[in-house]
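> Can you keep this structure in mind? I'll have questions shortly.
In our numbering, the protein residues as written are 84 to 496.
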């Protein structure tokens, strides 16, 4: 279909007005999630279709600079300084307020580039204000995310082509011989990304802050009463003929310091039974938990001490493990389950066709860092079937991000 020139000119005029509009003028678009998603999708699809070869290569070949420039801005606290200022700031004023005494000429060069990315606004020659994009990076977790991606992940991503060539495009199913190990020149037989973090406190802090906060404001599985209802029903079955206090309603495997256990308890205040947090001993020792939540130091590659619980829960755990390890982890849980137990896998579930950039970039990041992956729906079903588990239902609680809970049960023998 060919659109008349007048129609196209009118459309472009509307887009130009929106792009130049004050923040409150497009607030209604941001507030309407389906409309916002349609806008973004249409614009993102159009850009590569409208670009010339030179424009396309410029955008792709220099993309690494975007993260580097954002990291410099985070180090200098540029985004927070502009957000907190009631007036526009000159380059000299910003340089002074950073407290780090950067060369104003250098700072101006960086700010000019940031303005092309819409990370700041250039309102006059050498005068700057905050932007919506830059404001999105002012939170502690988002700033840590910029640092973590550059310092922890960028070298791995850059090394991925060489790593795949080295292995004839058949990466090994190991967590240590990875693009991460190649890029960081660590022992590929011994050191994983998580081992490496243990010796680098600042890198670990940035990583953990980002992981804790990057889903802030996003819906969680506990917003879905249908999932909670299935857990409650399973608990009634596993405790039938017993005192409820004897049963376990929820086991969070690899649950860190207990965020999900606390959230589950808050969401199910009248449900009896115990809630159990499991992670490595050095992790759970730092967990501050309320009554009714137990903690166990457990290596999920070796043991599952809680037998016959109503639900066993993994949140963003299995994406960190290649299939051979995932089968081991799942098999250990399967052996602990009874016929009424539910396995809840809270993960990204890629569609078998037409995956989004958000999902696929996470998938390749997991490949570069750990030889792991974000799995498709078909892959999840196959993986679970291989260890005697059957997918009962996949409940998407965050459709846009493809976040879901895979509900599985033990296959009856």
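Beta carbons: idealized from backbone N, C-alpha and C, even for Gly. Because the structure is a prediction, the values reported are computed rather than measured.
Using C-beta distances below 6 Å, list every residue in its chain close to residue 67, excluding the 5 sequence neighbours before and after it, in chain order.
Summary: the structure shown does not reach residue 67, with the chain confined to residues 84 through 496, and so no result is reported for it.
> How many angstroms separate the CA atom of residue 187 from the CA atom of residue 174?
Using only the alpha carbons, I get a separation of about 6 Å.
> Between which two residues does the alpha helix (DSSP H) carrying residue 90 extend?
It spans 88-103 - the alpha helix (DSSP H) in which residue 90 sits, taken as one unbroken run.
> Measuring straight from C-alpha to C-alpha, what distance separates residue 337 and residue 352?
Between residue 337 and residue 352, the C-alpha separation is close to 23 Å.
> Taking 8 Å as the limit between beta carbons, can you name the residues of its chain near residue 288, skipping five residues before and five after?
The answer, listed in chain order, is 227.
> Tell me the rounded alpha-carbon separation between residue 319 and residue 124.
Each residue's alpha carbon lies about 44 Å from the other.
> Measuring CB to CB, does residue 403 end up less than 8 Å from residue 467?
Taking 8 Å as the Cβ cut-off, residue 403 and residue 467 do not qualify as a contacting pair.
> Under 8 Å: do the stretch 177-194 and the stretch 241-258 share three or more Cβ pairs, one atom per stretch?
With a cut-off of 8 Å, the stretch 241-258 and the stretch 177-194 do not count as touching, because too few Cβ pairs lie within range.
> According to DSSP, is residue 242 part of a helix, a strand, or is it coil?
Note: residue 242 maps to helix in three-state DSSP.
> Leaving aside the five residues before and after residue 307 along the sequence, list all residues of the same chain whose C-beta is less than 7 Å from its C-beta, in chain order.
Excluding positions up to five away in sequence, the list reads 478, 480.
> Output yes or no for whether 8 Å exceeds the beta carbon distance between residue 217 and residue 293.
No, these two residues do not count as a Cβ contact at 8 Å.
> Does DSSP put residue 379 in a helix, a strand or coil?
Strand.
> For residue 461, which residues from the same chain have a beta carbon less than 6 Å from its beta carbon, with the 5 sequence-adjacent residues on both sides left out?
435, listed in sequence order.
> Counting only runs that start and end within the stretch 398-476, where is the beta strand (DSSP E) found for 3 or more residues in a row?
Here the runs fully enclosed are 425-431.
> Whose C-alpha, out of 344, 115, 427, is nearest the C-alpha of residue 379?
Checked all of 344, 115, 427; the closest Cα to residue 379 is 344.
> Starting from residue 580, trace the beta strand (DSSP E) both ways and give me its first and last residue.
Outside the displayed range of the chain (84 to 496) lies residue 580, so it cannot be described from this structure.
> Closer than 8 Å by C-beta to residue 73: which residues in its own chain qualify, once you throw out the five before and the five after it? Chain order, please.
Residue 73 is absent from the model: the chain starts at 84 and stops at 496.
> Apply the 10 Å Cβ neighbour rule to residue 321 and answer buried if 16 or more other Cβ atoms are within range, or exposed otherwise.
That one is buried.
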